[in-house]
Amino acid sequence: MSVFTVLLFVFVVVMFLFLWLVRREIIYKTIRNRWVYLVVPFLAVLVIWFTLISQPTMDELAKGFLAAMIFISFLLDSRGITDEGLVLNSFDKRGVPFSEINKIVLYQPKGSKEVKMNFFRNGWRGPLLKFSVSLEELVPFLSQRLNEDAEIDIMIDPE
Numbered sequence: 268m269s270v271f272t273v274l275l276f277v278f279v280v281v282m283f284l285f286l287w288l289v290r291r292e293i294i295y296k297t298i299r300n301r302w303v304y305l306v307v308p309f310l311a312v313l314v315i316w317f318t319l320i321s322q323p324t325m326d327e328l329a330k331g332f333l334a335a336m337i338f339i340s341f342l343l344d345s346r347g348i349t350d351e352g353l354v355l356n357s358f359d360k361r362g363v364p365f366s367e368i369n370k371i372v373l374y375q376p377k378g379s380k381e382v383k384m385n386f387f388r389n390g391w392r393g394p395l396l397k398f399s400v401s402l403e404e405l406v407p408f409l410s411q412r413l414n415e416d417a418e419i420d421i422m423i424d425p426e
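See below:
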């Protein structure tokens, strides 16, 4: 095996450990698009298939398998709410601390069990996050952790 294959192996192992650690810290995970669960395994299988049809050496086979594992890592990617703040992508462990958030807007569409959350920090709007948790559970959690001067606006479709 070449040095680059060993480095790729170390990278994949460290990346999976880091993604697993970040995932453990998330209390409320966001809802993912369902297409991710179809596209990512398809791409991983495609990489392995292309690797196998090219009659690889052991080094090339290992690289193909590790490349497929990098695609699989997208299934471990997590966003959500931790005790310290919001995690917007798995490779930013610090995320957005609650102390920097000025306002949170929660919206629950009529007949839906999902809650959409948007936040504002320093006058800028953050990305929209969707959760499958009830407002009754999310509001007390956020109100305990936000600054005293931070606002929580709740929007509900009238019935």
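Start counting the sequence shown at 268; every next residue gets the next number (the working numbering).
Ideal Cβ positions, reconstructed from N, Cα and C, are used throughout, including at glycine.
If you're wondering where the values come from, they're calculated on a predicted model, not measured in any experiment.
Please report the residue range of the beta strand (DSSP E) in which glutamate 418 lies. 418-423
Determine the burial state of isoleucine 368: buried for a count of at least 16 other Cβ atoms within 10 Å of its Cβ, exposed for fewer. buried
Among Leu275, Arg299, Lys370, Lys380, the one whose alpha carbon lies nearest that of serine 410: Lys370
Could you tell me whether the Cβ atoms of glycine 347 and threonine 297 are closer together than 7 Å? yes
CA nearest to the CA of serine 345, picked from Leu319, Glu381, Glu327, Trp287: Trp287
For glutamine 375, the first and last residue of its enclosing beta strand (DSSP E): 370-375
Would the segment 318-330 count as touching the segment 373-380 if we require 3 or more Cβ pairs under 8 Å? no
Grab me the residues of glutamate 418's own chain with a C-beta within less than 8 Å of its C-beta, minus the 5 sequence neighbours each way, in chain order. Asn369, Lys370, Ile371
If you count every other CB in all the chains shown that lies within 10 Å of the CB of tyrosine 295, and 16 or more means buried, which is it? buried
Starting from the C-beta of isoleucine 423, find all residues in its chain whose C-beta is less than 7 Å away, skip the five residues before and the five after it, and write them out in chain order. Gln375
Could you name each continuous beta strand (DSSP E) segment of 3 residues or more that falls completely within the segment 343-409, going from the start of the chain to the end? 352-354, 370-375, 382-388, 396-398
Same chain, Cβ closer than 8 Å to valine 273, five either side skipped, listed in chain order: none
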